[in-house]
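Enquirer: According to the working numbering, the stretch in the sequence shown is residues 525 to 599, in order.
All C-beta atoms, glycine included, are put in the ideal place defined by N, C-alpha and C.
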Amino acid sequence: MKVSPVLVNREAVQEMLGGISRSTFYNKRKEWKQKNTPFPEEVPGMPPVKGGSIYRYDEVIKFCRQMGFIASEQH
525 MKVSPVLVNR EAVQEMLGGI SRSTFYNKRK EWKQKNTPFP EEVPGMPPVK
575 GGSIYRYDEV IKFCRQMGFI ASEQH
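1. For the ligand GTP, any of its heavy atoms closer than 6 Å to the Cβ of residue 535?
2. Can you give the Cα-Cα distance for residue 584 and residue 576, rounded to whole angstroms?
3. Given this structure, state the Cα-to-Cα distance separating residue 594 from residue 586, to the nearest angstrom.
4. Taking only the alpha-carbon atoms, compute the straight-line gap between residue 566 and residue 544 and give it to the nearest angstrom.
5. For the segment 540 to 577, list the alpha helix (DSSP H) runs that are entirely contained and at least 4 residues long, ordered along the chain.
6. Would you kindly report the start and end of the unbroken alpha helix (DSSP H) that includes residue 532?
7. Could you compute how far the alpha carbon of residue 552 sits from the alpha carbon of residue 570?
Below is the structure:
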């Protein structure tokens, strides 16, 4: 049985997006928000840990599919 992660840190998200840098991730999030396709919000009440802010894995995957970064069959 394969279990998907529930939470993912910023560094893992950057790797999912092709290994982009922290500054590129920050700038892309601003760009996506301006285009009304905002990146998922950080998990509220979860302080940043080693690797950066925490996001919900399923929301990140859904965003990546909607943006065409990954095929719907993946993940």
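Expert: So, to answer that:
1. As presented, the structure is devoid of all ligands, the ligand GTP included, so that no description of it is given.
2. 15 Å
3. 9 Å
4. 18 Å
5. 546 to 558
6. Note, residue 532: premise wrong, no alpha helix (DSSP H); beta strand (DSSP E) at 531 to 533.
7. 22 Å
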